[in-house]
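The next block holds one structure in the form of structure tokens; read it before the comments.
There are 2 protein chains.
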Amino acid sequence: MEQWSALLGPAQVLTEAAALAAAQTATYPTHQRVLAIVRPGTRDEVRACVRVANLHGVALYPISTGKNWGFGSRVPCFDGTVILDLGRLDRIVELDEELAYVVVEPGVTQQQLHEYLQRETGGRLWLDATSSSAACSLIGNLLERGHGVTTYCDHAAQAADYEVILPTGECIHTGYGAFADSATRALDAWGLGPCLTGLFSQSSFGIITRATIWLMRAPEHAEVAFFTVDRPDAFERLVDELRPLRLDRLLRCGPFFGNIYQALQKVTKYPWELTGGAVPLATEIALQLGKQHRFGLWNGSLALYGTHDEVAAQKQRLMQVLRNNAQWHAFVDKQPSNLDQTFPASRHSEVRSVVAGFTGAIGSTGLPAGYWRMRTPPGGPRWVDLDRDGCGFKFWTATTPFRGRDAARAAAIATETILRHNFEPSIGILPVRERALQFHIACAYDRQVSGEDEAVMACHEELSERLMDCGYYPTRLGPGSMHALQRWEPAYNRLLQTLKHAIDPNDIIAPGRYQAGPP
Amino acid sequence: MEQWSALLGPAQVLTEAAALAAAQTATYPTHQRVLAIVRPGTRDEVRACVRVANLHGVALYPISTGKNWGFGSRVPCFDGTVILDLGRLDRIVELDEELAYVVVEPGVTQQQLHEYLQRETGGRLWLDATSSSAACSLIGNLLERGHGVTTYCDHAAQAADYEVILPTGECIHTGYGAFADSATRALDAWGLGPCLTGLFSQSSFGIITRATIWLMRAPEHAEVAFFTVDRPDAFERLVDELRPLRLDRLLRCGPFFGNIYQALQKVTKYPWELTGGAVPLATEIALQLGKQHRFGLWNGSLALYGTHDEVAAQKQRLMQVLRNNAQWHAFVDKQPSNLDQTFPASRHSEVRSVVAGFTGAIGSTGLPAGYWRMRTPPGGPRWVDLDRDGCGFKFWTATTPFRGRDAARAAAIATETILRHNFEPSIGILPVRERALQFHIACAYDRQVSGEDEAVMACHEELSERLMDCGYYPTRLGPGSMHALQRWEPAYNRLLQTLKHAIDPNDIIAPGRYQAGPP
Numbered sequence: 031m032e033q034w035s036a037l038l039g040p041a042q043v044l045t046e047a048a049a050l051a052a053a054q055t056a057t058y059p060t061h062q063r064v065l066a067i068v069r070p071g072t073r074d075e076v077r078a079c080v081r082v083a084n085l086h087g088v089a090l091y092p093i094s095t096g097k098n099w100g101f102g103s104r105v106p107c108f109d110g111t112v113i114l115d116l117g118r119l120d121r122i123v124e125l126d127e128e129l130a131y132v133v134v135e136p137g138v139t140q141q142q143l144h145e146y147l148q149r150e151t152g153g154r155l156w157l158d159a160t161s162s163s164a165a166c167s168l169i170g171n172l173l174e175r176g177h178g179v180t181t182y183c184d185h186a187a188q189a190a191d192y193e194v195i196l197p198t199g200e201c202i203h204t205g206y207g208a209f210a211d212s213a214t215r216a217l218d219a220w221g222l223g224p225c226l227t228g229l230f231s232q233s234s235f236g237i238i239t240r241a242t243i244w245l246m247r248a249p250e251h252a253e254v255a256f257f258t259v260d261r262p263d264a265f266e267r268l269v270d271e272l273r274p275l276r277l278d279r280l281l282r283c284g285p286f287f288g289n290i291y292q293a294l295q296k297v298t299k300y301p302w303e304l305t306g307g308a309v310p311l312a313t314e315i316a317l318q319l320g321k322q323h324r325f326g327l328w329n330g331s332l333a334l335y336g337t338h339d340e341v342a343a344q345k346q347r348l349m350q351v352l353r354n355n356a357q358w359h360a361f362v363d364k365q366p367s368n369l370d371q372t373f374p375a376s377r378h379s380e381v382r383s384v385v386a387g388f389t390g391a392i393g394s395t396g397l398p399a400g401y402w403r404m405r406t407p408p409g410g411p412r413w414v415d416l417d418r419d420g421c422g423f424k425f426w427t428a429t430t431p432f433r434g435r436d437a438a439r440a441a442a443i444a445t446e447t448i449l450r451h452n453f454e455p456s457i458g459i460l461p462v463r464e465r466a467l468q469f470h471i472a473c474a475y476d477r478q479v480s481g482e483d484e485a486v487m488a489c490h491e492e493l494s495e496r497l498m499d500c501g502y503y504p505t506r507l508g509p510g511s512m513h514a515l516q517r518w519e520p521a522y523n524r525l526l527q528t529l530k531h532a533i534d535p536n537d538i539i540a541p542g543r544y545q546a547g548p549p
Numbered sequence: 031m032e033q034w035s036a037l038l039g040p041a042q043v044l045t046e047a048a049a050l051a052a053a054q055t056a057t058y059p060t061h062q063r064v065l066a067i068v069r070p071g072t073r074d075e076v077r078a079c080v081r082v083a084n085l086h087g088v089a090l091y092p093i094s095t096g097k098n099w100g101f102g103s104r105v106p107c108f109d110g111t112v113i114l115d116l117g118r119l120d121r122i123v124e125l126d127e128e129l130a131y132v133v134v135e136p137g138v139t140q141q142q143l144h145e146y147l148q149r150e151t152g153g154r155l156w157l158d159a160t161s162s163s164a165a166c167s168l169i170g171n172l173l174e175r176g177h178g179v180t181t182y183c184d185h186a187a188q189a190a191d192y193e194v195i196l197p198t199g200e201c202i203h204t205g206y207g208a209f210a211d212s213a214t215r216a217l218d219a220w221g222l223g224p225c226l227t228g229l230f231s232q233s234s235f236g237i238i239t240r241a242t243i244w245l246m247r248a249p250e251h252a253e254v255a256f257f258t259v260d261r262p263d264a265f266e267r268l269v270d271e272l273r274p275l276r277l278d279r280l281l282r283c284g285p286f287f288g289n290i291y292q293a294l295q296k297v298t299k300y301p302w303e304l305t306g307g308a309v310p311l312a313t314e315i316a317l318q319l320g321k322q323h324r325f326g327l328w329n330g331s332l333a334l335y336g337t338h339d340e341v342a343a344q345k346q347r348l349m350q351v352l353r354n355n356a357q358w359h360a361f362v363d364k365q366p367s368n369l370d371q372t373f374p375a376s377r378h379s380e381v382r383s384v385v386a387g388f389t390g391a392i393g394s395t396g397l398p399a400g401y402w403r404m405r406t407p408p409g410g411p412r413w414v415d416l417d418r419d420g421c422g423f424k425f426w427t428a429t430t431p432f433r434g435r436d437a438a439r440a441a442a443i444a445t446e447t448i449l450r451h452n453f454e455p456s457i458g459i460l461p462v463r464e465r466a467l468q469f470h471i472a473c474a475y476d477r478q479v480s481g482e483d484e485a486v487m488a489c490h491e492e493l494s495e496r497l498m499d500c501g502y503y504p505t506r507l508g509p510g511s512m513h514a515l516q517r518w519e520p521a522y523n524r525l526l527q528t529l530k531h532a533i534d535p536n537d538i539i540a541p542g543r544y545q546a547g548p549p
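Which chain is which? The protein sequence lines are G and Y, in order. Take 31 as the starting number for the first sequence in this note's numbering and just add one per residue. Take 31 as the starting number for the second sequence in this note's numbering and just add one per residue.
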């Protein structure tokens, strides 16, 4: 602590109980203790901090802005770790409008980039935002392989040139960044020779202090489709009929599907009065409530992008699928003028948020879900803050083949398991990578209600095992869930341990993170 | 040798001088000696061979089909290496038409997969072929990060689940393949936790015995555009005006540009009589010769894919660019019916090959170039074989930003340097990854002509350095060129050495390959 204080100034080394308690608080139960929070302000300060940690064998847990809600927030995997808070590294280092990219530091938020792009390019470049807080870090989300919903939804695939601080304090750059004077460092993620980018993604091998993020050019035209299906068999068929459109890249993103609970949580809170305080909310009641908002059992959305003629051609083909399979559908433009005729007033704000997420702005459509069962409104002045407000919120992820029967099977398992544990199964599905569906499954609850913390963890464990038993493995993990990796083939786990030991022999970077433990 | 013979049978361990001499022969001068050629027939035999090699500290150089022409063919980087020939592992292990992928072994060739897809899917799935031999290995090309010209041109980005034999003989699978029962192992390359796929690409860290390759669904409609520009400034402008179309994914591939030499080499041989035996062929004469084939200074091609309406919309937008910038343009369908009106007869076969490459078949348009300066025709009965026929053929690669001024600058440097060394600069350019152009620059010569082997290496060295001095680094290297990697940042090189030492402490897999040497 003394050495860090000397390096950064004492104000940047936090050890007060209140600060540590806040940092130890996630949206589900965790028991790991944090020793301190260290806040370097520059890359060189990060390097110096890492060298001190390596010298003394103290473990660091790097966070960007720490808004990893539902996946553990700022909480490390193990006790006795020091949080390395990179939030002060918040510069947008470079913008190239012609080649459509920015270079950012870990503290740069979605909001910050959005405002910057509006100002510097007049909105000609779009960011692909996650549906979480506008205060989320771009790099934090990238390194967890998060996603948005536009053409650039696969964040890990739309980035290059990670600047990595190794446990030695050395600084490297991945891809063509390995050549200091490369003209294409920002433009091609593979580089020459072995590509190390993947090694530093969902990993504990280094600390990323900068990355290039590719941006989508605002298309000439965009339209957002909304559609619903009310029967499981129609859902299966719709998934199967949309698959070829996505594989053919007629659809450049989506389709996104949210179940009735995911939909309701965007526009309303738990109907305590209707249920007389009972939980969980039965599906029939949820469907009944959904009707007034024009929600169905499954609620689809996707965007069409291109020239006006391209969008017209895409729409024509998409309509063939929707007409045969969807119960209801509608299209809205970037600046929706037809909301009154299309949606009940209760959804106007939500629809605008969804459209924002599809058109280069920030929708934050997932945020209200965190307060679904909370009887008190968000407490903070500016941002909602699930950690601060005691919200219970637990995410599962799973990935299945992009096939109706797999989607239906995973959804059925999640629904049955979660309702049986007395929570509401919020399910969102998106083919982030064309051939596979990513499931984001969430339970929202109130951490103040006795027993619910334990119940959500039991539920998580059972659902997680059931999904993995079907071959539906997670896409992302939080502290407390890393043991899923014990299902790695033993030789694979041994290789990862060999690599970790070679790169980080003193185990000082994020111990336990995306590690299965000893074979 | 005894142990390998006992494992595989003596017929699969070759040590005869003729076989070794052939394996030591590339299309440019190399001096590395090969100790033996070992030919396992199954994955388990590969594992056993590797264990023997590790036990005795003998280095293995894995090849698939060994057709790495222009980049060293089968020749290892160092003396005293044993070639591990994986050509007998030639099974197409799995096909999924719905999710559009195959799982193949290293010996599976482009031709084999093409015939298989015709038979099993009636051509509903396309492969993305390289322009080289139909006998090229799919996995060999994938691991070198090769490319074709369709939507799936970036081979490394359209693959998953590498099966890797480590130097210990252990077998691992990358991505979701690390979970033995994953339902998405073939469908998502990233998996969960650190992604190791890139580590085994252009690398010496393991031997790939199987991989999943994603395939393009045959679109409802495809049209191939051909166009020419005759002035350098028009070329620059055309590159700049096509960039937004590619970034917007209106173009799902291309544009490909070949200079006049690249174009001529597809349809004719060196005009010895016209030049009275002199070399190099001056650009003015090349342009003059090109006129009769309707070739210009730069010759563009690209394909439009989609529904008929989508292609019409794309074409409309593309035409705006071509009308303003191209000197000449034409469109042809998959089964070209308008060849007579559009191209001189001298090009009908070449145009059909180009169209084949854009529509899921094998064009092999690059092959004739190998014989450009050869006074004798290809010697073999079935396949052309540049190694066997003494063809001189040397590739450079470089990558530049997708910008007219960078394309023009790199092309000017290559043209000036190569002509000064008395070779013809064949230049092909393709934005394999949207934001950057990949240059394939080739010199074709006759290895029997005294002094030309040395001249091509001197030329290579000078051009390579000049391009790197501009920041235009290679995308791929052959034996004899690995010293380009000495330009890696020292810390990056140290990290790669650390990883190599951790994974392959006895340095038995492809020593020297994509390695810079000691820092």
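Just so it is clear, CB atoms sit at the ideal spot from N, CA and C, and this is done for glycine as well. Remember, it's a predicted structure, so these values are computed and weren't measured experimentally.
Problem set entry | Same chain, Cβ closer than 6 Å to residue 87 of chain Y, neighbours up to 5 away in sequence not counted | The residue labelled residue 87 of chain Y in the question sits at position 57 within the second sequence. Within its own chain, the residues whose Cβ lies closer than 6 Å to the Cβ of residue 87 of chain Y, once the five positions on either side in sequence are excluded, are 536, listed in chain order.
Exercise. Considering only residues of the same chain and omitting the five flanking positions on each side of residue 80 of chain Y, which have a CB-CB separation below 6 Å?
Worked result: Counting from one through the second sequence, the residue named residue 80 of chain Y turns up at place 50. Result list for residue 80 of chain Y: 195, 199, in chain order.
For this session: Could you name the residues of the same chain whose beta carbon sits closer than 6 Å to that of residue 251 of chain G, not counting the 5 residues immediately before and after it, in chain order?
Result: Within the first sequence, the letter at position 221 stands for residue 251 of chain G. For residue 251 of chain G, where only same-chain residues beyond five positions count, the Cβ hits under 6 Å are 338, 341.
Problem set entry | chain G contacts from the region 116 to 149 of chain Y (Cβ-Cβ distance under 8 Å) | Flagged, chain order: 128, 129, 130, 131.
Exercise. Rounded to a whole number of angstroms, what is the C-alpha to C-alpha distance between residue 430 of chain Y and residue 255 of chain Y?
Worked result: Position 400 of the second sequence, counting from 1, holds the residue named residue 430 of chain Y. Position 225 of the second sequence, counting from 1, holds the residue named residue 255 of chain Y. Spanning the alpha carbons of residue 430 of chain Y and residue 255 of chain Y requires a straight line of approximately 24 Å.
For this session: Anything in chain G within Cβ reach of residue 501 of chain Y, meaning under 8 Å, just list it in chain order.
Result: Against the second sequence, residue 501 of chain Y aligns to sequence position 471. What residue 501 of chain Y touches in chain G: 209, 211, 212, 213, 214.
For this session: Show which residues of chain Y have a CB atom less than 7 Å away from the CB atom of residue 200 of chain G.
Result: For this step, residue 200 of chain G is matched to residue 170 along the first sequence. In chain order: 521.
For this session: Closer than 7 Å by C-beta to residue 56 of chain Y: which residues in its own chain qualify, once you throw out the five before and the five after it? Chain order, please.
Result: Taking the second sequence and counting its residues from 1, one reaches residue 56 of chain Y at position 26. For residue 56 of chain Y, where only same-chain residues beyond five positions count, the Cβ hits under 7 Å are 102, 103, 105, 417.
Exercise. Does the beta-carbon distance from residue 276 of chain G to residue 323 of chain G come in below 7 Å?
Worked result: Position 246 of the first sequence, counted from the first residue, corresponds to residue 276 of chain G. Position 293 of the first sequence, counted from the first residue, corresponds to residue 323 of chain G. Cβ atoms of residue 276 of chain G and residue 323 of chain G: not closer than 7 Å.
Exercise. Ends of the alpha helix (DSSP H) at residue 173 of chain Y?
Worked result: For the purposes of this step, residue 173 of chain Y is identified with residue 143 of the second sequence, where counting begins at 1. Element bounds for residue 173 of chain Y: 168 to 173.
For this session: Output the residue ranges of the alpha helix (DSSP H) runs that lie fully inside the region 279 to 360 of chain Y and measure 4 residues or longer, sorted by chain position.
Result: Counting only runs of 4 or more, we get 290 to 297, 302 to 305, 313 to 321, 338 to 355.
For this session: Have a look at residue 402 of chain Y and residue 328 of chain Y and give me their C-alpha separation to the nearest angstrom.
Result: The residue given as residue 402 of chain Y occupies position 372 in the second sequence. The residue given as residue 328 of chain Y occupies position 298 in the second sequence. Spanning the two alpha carbons is a distance of roughly 19 Å.
Problem set entry | Alpha carbon of residue 363 of chain Y to alpha carbon of residue 343 of chain Y, nearest angstrom | The sequence position of residue 363 of chain Y within the second sequence is 333, counting from 1. The sequence position of residue 343 of chain Y within the second sequence is 313, counting from 1. Rounded to the nearest angstrom, the two C-alpha atoms are 16 Å apart.
Problem set entry | chain Y contact for residue 504 of chain G (CB, 7 Å cutoff) | Taking the first residue of the first sequence as position 1, residue 504 of chain G is located at position 474. In terms of beta-carbon proximity, residue 504 of chain G lines the interface with chain Y, with at least one pair separated by less than 7 Å.
Exercise. Ordered along the chain, which non-local residues of its own chain (more than five positions away) have a Cβ less than 6 Å from that of residue 73 of chain G?
Worked result: Numbered from its first residue, the first sequence carries residue 73 of chain G at position 43. 239, listed in sequence order.
Exercise. So, helix, strand or coil for residue 229 of chain G, using DSSP?
Worked result: Numbered from its first residue, the first sequence carries residue 229 of chain G at position 199. Residue 229 of chain G sits in a helix when the DSSP states are folded into three classes.
For this session: Could you work out which residues of chain G lie near residue 224 of chain Y, taking near to mean beta carbons separated by less than 7 Å?
Result: Translated into positions along the second sequence, residue 224 of chain Y becomes position 194. Chain G residues near residue 224 of chain Y: 228, 229, 231, 232, 233, 235, 526, 544.
For this session: Just mark residue 38 of chain Y as buried or exposed, buried being the case when its beta carbon has 16 or more other beta carbons within 10 Å.
Result: Start at 1 with the first residue of the second sequence, and residue 38 of chain Y comes out as number 8. Residue 38 of chain Y should be labelled buried.
For this session: Kindly indicate the opening and closing residues of the beta strand (DSSP E) around residue 131 of chain G.
Result: Position 101 of the first sequence, counted from the first residue, corresponds to residue 131 of chain G. Per DSSP, the unbroken beta strand (DSSP E) holding residue 131 of chain G starts and ends at 131 to 134.
For this session: Would you check if the region 134 to 147 of chain Y and the region 107 to 120 of chain Y touch, i.e. whether three or more CB-CB distances between them fall below 8 Å?
Result: Yes, the region 107 to 120 of chain Y touches the region 134 to 147 of chain Y.
Problem set entry | Chain-ordered residues of the region 274 to 293 of chain Y with a beta carbon less than 8 Å from chain G | From the region 274 to 293 of chain Y, only 274, 277, 278, 279, 280, 282 have a Cβ closer than 8 Å to chain G.
Exercise. Run through DSSP, which three-state label would residue 363 of chain G get?
Worked result: Position 333 of the first sequence, counting from 1, holds the residue named residue 363 of chain G. It is a strand residue.
Exercise. For residue 247 of chain G and chain Y, any beta-carbon pair shorter than 7 Å?
Worked result: Position 217 of the first sequence, counted from the first residue, corresponds to residue 247 of chain G. Interface residue, yes.
Problem set entry | Span separating the alpha-carbon of residue 266 of chain G from that of residue 259 of chain G | Position 236 of the first sequence, counted from the start, is the residue given in the question as residue 266 of chain G. Position 229 of the first sequence, counted from the start, is the residue given in the question as residue 259 of chain G. When rounded, the distance between both Cα atoms is 10 Å.
For this session: Using a Cβ cut-off of 7 Å (strictly closer), state whether residue 534 of chain Y contacts chain G.
Result: Counted from its first residue, the second sequence places residue 534 of chain Y at position 504. With 7 Å as the cut-off, residue 534 of chain Y does not count as an interface residue toward chain G.
For this session: Give the interface partners of residue 203 of chain Y over in chain G, defined as CB-CB distance under 8 Å, in chain order.
Result: Within the second sequence, residue 203 of chain Y is the residue found at index 173, counting from 1. Here the neighbours are 519, 522.
Problem set entry | Inside the region 61 to 115 of chain Y only - beta strand (DSSP E) runs reaching at least 3 residues | Qualifying beta strand (DSSP E) stretches, in chain order: 64 to 68, 90 to 93, 111 to 115.
Problem set entry | Bounding residues of the beta strand (DSSP E) (the contiguous stretch that carries residue 520 of chain Y) | As a first step, residue 520 of chain Y must be located in the second sequence, where it is residue number 490. Residue range 520 to 533 is occupied by the alpha helix (DSSP H) that includes residue 520 of chain Y, with no beta strand (DSSP E) assigned at that position.
For this session: Let me know the secondary structure DSSP gives residue 448 of chain G once reduced to three states.
Result: Translated into positions along the first sequence, residue 448 of chain G becomes position 418. DSSP places residue 448 of chain G in helix when its eight states are reduced to three.
Exercise. Is the distance from the Cβ of residue 218 of chain G to the Cβ of residue 41 of chain Y below 7 Å?
Worked result: Your numbering for residue 218 of chain G matches position 188 in the first sequence. Your numbering for residue 41 of chain Y matches position 11 in the second sequence. Against a cut-off of 7 Å, the Cβ pair of residue 41 of chain Y and residue 218 of chain G comes out as no contact.
For this session: Answer yes or no: does any C-beta atom of chain G fall closer than 7 Å to that of residue 340 of chain Y?
Result: Within the second sequence, numbered from 1, the residue matching residue 340 of chain Y stands at position 310. Cβ-Cβ to chain G under 7 Å: yes for residue 340 of chain Y.
Problem set entry | Rounded C-alpha distance that separates residue 286 of chain G from residue 331 of chain G | Residue mapping note: residue 286 of chain G aligns to position 256 of the first sequence, counting from 1. Residue mapping note: residue 331 of chain G aligns to position 301 of the first sequence, counting from 1. Residue 286 of chain G and residue 331 of chain G have their C-alpha atoms spaced approximately 5 Å apart.
Exercise. When you compare only the Cα positions, how much space is there between residue 357 of chain Y and residue 325 of chain Y?
Worked result: One-based indexing of the second sequence puts residue 357 of chain Y at position 327. One-based indexing of the second sequence puts residue 325 of chain Y at position 295. The alpha-carbon separation between residue 357 of chain Y and residue 325 of chain Y amounts to approximately 11 Å.
Exercise. Taking the alpha carbon of residue 89 of chain G as the point to measure from, which residue in G:110, G:516, G:407 has its own alpha carbon closest?
Worked result: Your numbering for residue 89 of chain G matches position 59 in the first sequence. Minimum Cα-Cα distance from residue 89 of chain G among the listed residues G:110, G:516, G:407 corresponds to G:110.
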